[in-house]
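Comments concern the structure below.
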Amino acid sequence: MRQPQLLVLLLVGPVLIMAAFAISFRSSNPKPSVVVVVEPGSEGEEIFGRYRELFVSRTKFRGTVESVDAADDLIRSGQIDGAIILPAEPSEAIRKDERATIGVHYSTINPIFGLTVPNRARGLLFDLNDAMVMEGISRQLEEANAAREQVDALDARVDAARAASRALTGDEARRTTAELSESLNALETSLRSIQETAPEERRGEIGDSLRQIQDAQEAVSAIREIQEGEEIQEELARLDASVEALQETLSKVPDASPSVLTNPFRLDLENLAPFQPDIAGFYAPGTLAILIQHVSISLASLSIVRERMSGAYEFFEVSPLSFGQLLLGKFAAYLLVVLTVNAAVAAVMVGPLDVPLNGDPAPFVIAMALLTVSSLGIGFAVSALARSQLQAIQVAMLWLIASGFFSGFLFPLSEMAQPAHAISYFLPATYGIGAFQDVMIRGEGLSRLDVLGLVTISSVSLIAARIFMRRRIS
Amino acid sequence: MIPVISAKDLGHSFDGRRVLRDISVTVEKGEIFGLIGPSGAGKSTLVRALTGYLQPSEGEVEVLGKRPSTFGPDDRRRLGFMPQDFVLYEDLSVSQNLNFVAGLYGLRLFDRRRAVGEALQFVELWDHRKKRASRISGGMQRRLQLAAAIVHRPELLFFDEPTANLDPVLRHKFWDEFSSLRDQGHTLIITTQYVGEAERCDRIGFLTGGTLLSVGTPQELRRAAFGGELISLSLRGDIGDLGEPLSALERVGRLSEVREESGVSGTISHARLLVEDADIALPKVFRALDSTGASALSADVLIPSFDEVFFRLVQENSRS
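Residue numbers (my numbering), protein chains in the order written: chain A, 4 to 477; chain B, 56 to 375.
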């Protein structure tokens with residue numbers, strides 16, 4: 004209670020860090036930024052156009068490219084998280100009773116949290132298959148309806164043919180028509196005889212009757228022609244046409260297995276990262292960076308405040324040493340000690356512990372030196388400001404806790420919201436972890452961002468330490 | 056002669072609290088100047104203002120002809136400083152610590168070895184030079200700190216409570232070393248809360264509550280505290296029976312603190328006589344007593360302790 008500032012720091016510091024983490028942490032995977040690779044004029048492009056909404060809703064859609072190489076270049080340069088490669092002619096594969104392959108390229112070295120792109124791609128595949136099956140079923144239903152009508156028509160034709168056939172093949176019908184025809188002929192002969200002898204005023208009536216008989220005779224003739232099979236032929240021809248139409252309809256139903264028809268697409272995931280470490284290998288560079296930062300800040304944070312409390316600082320201040328020289332002397336000594344310790348730790352990691360070092364040793368050493376310098380700078384600034392050693396140690400511990408949450412060591416920054424990103428800019432470990440992962444795992448050189456970040460923190464913190472040293476005395 | 060230190064109306068405040076006020080003092084080359092006062096009197100703050108570690112908020116100060124706040128490395132090489140506590144590195148040996156400090160003051164390798172050797176000889180730590188600082192006694196650590204202050208042979212030395220918590224023998228030894236340094240031509244500013252150590256200083260400044268009560272030689276301060284010099288007298292008989300002798304003594308000086316003491320050999324009266332010059336007044340005292348037939352058991356020049364001197368000065372200051 005006698006040190007309210009220390010108490011506040013002790014209580015409020017961790018609470019603030021936890022609050023910032025709670026605000027920043029996102030329980031759902033963020034959408035990865037992707038491009039879609041489609042061949043112009045292909046069926047794949049048509050599918051993408053038809054289902055574009057799925058791609059846009061599942062990802063941060065960054066557009067389409069025409070070649071896989073262009074997409075891979077964008078991934079490697081860090082401009083996008085992944086690429087979805089649509090097959091040019093997926094129907095060909097399906098006709099061969101094979102699923103069409105959607106390629107997914109991405110790059111991650113994180114075996115635990117680096118699954119955003121694959122997870123999103125699986126979701127997209129599920130949606131796409133679902134949507135395509137739905138649409139296919141709808142289309143098949145429409146075509147089935149058409150086939151049903153054709154079958155109904157065919158059925159009617161068959162009935163008609165059957166009726167006609169039945170009619171034609173009945174002996175009674177044949178006899179009846181023959182007798183009818185003979186009767187009509189006899190009637191016509193009789194009427195013509197009557198017409199010749201009948202009075203003039205009745206001849207007209209008889210002529211009408213003769214015309215009616217002729218009509219009836221034509222009708223009988225027609226019936227008799229049926230007996231010769233012309234209508235049957237006509238009905239059979241119609242039947243053939245219906246059968247052909249039905250066959251055509253049925254031919255549209257693909258000849259593929261149900262598993263292919265229900266899941267027409269499959270995923271082919273490809274991680275472009277040159278080296279994919281196991282969990283221990285992945286966390287080793289981060290652990291080293293956190294260790295270097297913590298050792299450096301802790302040692303440096305005690306250096307000035309301890310000597311100020313003991314009176315040594317006053318002794319040095321009376322000597323010809325300037326503040327700058329005093330700081331430089333301490334800095335050089337601590338840098339030598341911490342670098343020696345770090346080099347030994349790194350040697351043990353790379354040697355007996357078999358942690359991979361895929362890149363050149365030179366950028367690794369440079370990253371280690373820059374991280375040490377920037378962390379020492381922060382430690383000196385803290386030490387120059389602190390009112391007691393306990394306060395200095397407390398701040399160093401808070402820096403360690405903040406680094407665990409916000410430097411990308413435990414949780415990838417890409418999957419966290421603000422204020423995590425803002426806090427991460429002030430942590431040397433953020434840049435140190437990035438640099439060590441680049442060199443040790445990816446086998447690359449140092450990124451400009453990491454170098455710039457560490458150099459900036461080093462410069463600002465050392466200048467601040469120099470100013471705080473003077474102010475604290477005043 | 057240009058004084059080594061000259062301060063005029065010096066004052067300083069911490070967070071609105073005045074810790075030094077109206078300090079005006081000069082220190083001459085080759086003297087031991089003692090800043091004496093109780094804990095919290097402002098001694099260390101004054102030393103910090105004089106070394107340039109602290110920028111005073113009021114007044115003017117010059118040390119070695121320059122304002123301390125403008126000191127460059129060459130000016131600082133002319134200063135030596137011994138803080139209150141042991142502030143060197145306990146993990147280094149005695150000689151390594153001294154080598155380090157010699158390096159701070161820019162001594163080159165050859166000069167450094169010689170200077171370190173001389174300093175160790177001076178503080179009698181030569182035989183312990185290879186011991187780690189953590190393995191030597193507190194008194195030795197203090198002597199090592201003294202050696203660190205003088206290793207580069209500075210003109211002006213500041214010692215902040217160098218004898219605090221030391222046993223009387225060691226304190227005596229330290230003062231012998233300070234006198235030796237003074238004799239070699241160094242100027243020494245020494246703070247102490249042991250008022251009795253004022254006797255070993257050439258000049259003293261009594262400091263209390265951030266105010267410099269008085270400055271002067273030990274004799275001057277005694278005189279200032281009591282208004283002159285004192286002669287202590289012991290006479291046989293009651294005070295009531297000594298009316299005539301006491302009246303005769305009043306003509307030589309001013310009587311104070313007259314009291315009687317009863318013992319097996321009868322009653323004895325004690326008195327203090329304040330005179331301008333005790334050496335001149337003492338024969339007059341004897342003549343006055345002889346003229347009245349008083350029986351004097353003893354009469355001598357009284358040198359009061361600086362505790363008493365300091366107490367009276369503080370009382371005077373309170374009254375004024």
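Note that beta-carbon positions come from the ideal geometry of N, C-alpha and C, so glycine has one too.
None of these values were measured; they are calculated from a predicted model.
Contact set for proline 111 of chain B: own chain, Cβ-Cβ below 8 Å, skip 5 residues either direction: Leu65, Gly66, His67, Leu75 and Ala104
Report the neighbours of phenylalanine 136 of chain B on chain A: residues whose CB is nearer than 7 Å to its CB, in chain order. Against chain A, a Cβ distance below 7 Å from phenylalanine 136 of chain B picks out Phe318 and Val321.
DSSP-derived helix/strand/coil call for histidine 108 of chain A: Correct three-state label for histidine 108 of chain A: strand.
Is the distance from the Cβ of lysine 98 of chain B to the Cβ of glycine 92 of chain B below 7 Å? yes
Which bits of chain A does leucine 159 of chain B rub up against, with CB to CB less than 8 Å? Phe319, Ser322, Pro323 and Leu324
Taking beta-carbon pairs under 7 Å, can you tell me which members of the segment 117-137 of chain B lie near chain A? Pro128, Arg131, Arg132, Leu134 and Phe136
Is proline 274 of chain A helix, strand or coil when you go by DSSP? The question names proline, but residue 274 of chain A is asparagine in the sequence shown. Note: asparagine 274 of chain A maps to strand in three-state DSSP.
Based on Cα-Cα distance, which residue from A:Ser60, A:Gly81 and A:Lys99 lies nearest to alanine 124 of chain A? A:Ser60
For threonine 81 of chain B: DSSP bridge partner residues: B:Ser61
Segments assigned alpha helix (DSSP H), at least 4 residues, entirely inside the segment 68-151 of chain B: 98-106 and 128-131
Bridge partner(s) assigned by DSSP for phenylalanine 213 of chain B: Bridge partners of phenylalanine 213 of chain B: B:Phe136 and B:Ile244.
Give a yes or no on whether the C-beta atoms belonging to lysine 38 of chain B and valine 313 of chain B are separated by under 7 Å. Nothing about residue 38 of chain B can be read from this structure; chain B reaches only from 56 to 375.
Is the distance from the Cβ of serine 324 of chain B to the Cβ of leucine 290 of chain B below 7 Å? yes
How is histidine 207 of chain B classed by DSSP in three states: helix, strand or coil? coil
Listing by chain order, which chain A residues have their CB less than 8 Å from the CB of tyrosine 108 of chain B? Glu317, Glu320, Val321 and Ile476
Assuming alanine 287 of chain A and methionine 352 of chain A form a contact by the criterion Cβ under 8 Å, report the distance between their Cβ atoms to the nearest whole angstrom. 6 Å
Buried or exposed for tyrosine 337 of chain A, please, with buried defined as at least 16 other CB atoms from any protein chain shown within 10 angstroms of its CB. buried
Cross-chain neighbours of valine 142 of chain B in chain A, by beta carbon under 7 Å: Ser313, Gly314, Ala315 and Phe318
If you follow the beta strand (DSSP E) that histidine 325 of chain B is in, where does it begin and where does it stop? 321-330
Can at least three beta-carbon pairs, one atom from the segment 134-154 of chain B and one from the segment 184-192 of chain B, be found at a separation below 8 Å? Yes: at least three Cβ pairs fall under 8 Å.
Go ahead and pull the three-state DSSP assignment for valine 40 of chain A. strand
Which of the three DSSP states, helix, strand or coil, is assigned to glycine 117 of chain A? coil
Within 7 Å, strictly: CB atoms of isoleucine 87 of chain B and aspartate 362 of chain B: no
Can you tell me where the alpha helix (DSSP H) holding glutamate 49 of chain A begins and where it ends? 46-53
What number of angstroms, rounded off, separates the C-alpha of glutamine 239 of chain B from the C-alpha of leucine 109 of chain B? 29 Å
Endpoints, the beta strand (DSSP E) within which glutamate 179 of chain B is located: No beta strand (DSSP E) holds glutamate 179 of chain B; DSSP gives it neither H nor E.
Element boundaries [beta strand (DSSP E), containing leucine 267 of chain B]: 266-271
Neighbour-count burial assignment, serine 377 of chain A, 16 or more Cβ in a 10 Å radius: Answer is buried; the Cβ neighbour count reaches 16.
Which residues does DSSP pair with valine 68 of chain A in a beta bridge? A:Val40
CB arginine 469 of chain A to CB leucine 291 of chain A, shorter than 7 Å? Against a cut-off of 7 Å, the Cβ pair of leucine 291 of chain A and arginine 469 of chain A comes out as no contact.
Which same chain residues, not among the five before or five after glutamine 220 of chain A, have their C-beta less than 8 Å away from its C-beta? Ser184, Leu187, Asn188 and Glu191
Out of curiosity, what's the CA-to-CA distance linking alanine 467 of chain A and alanine 384 of chain A? 6 Å
May I ask which residues mark the beginning and end of the alpha helix (DSSP H) holding valine 263 of chain A? 261-265
Nearest residue (CA-CA) to tyrosine 249 of chain B, options B:Gly172, B:Glu216 and B:His241: B:Glu216
Quick one: list the residues of chain D neighbouring glutamine 196 of chain B, beta-carbon separation under 7 Å, in chain order. Looking at the structure shown, chain D is missing, and the protein chains on hand are A and B.
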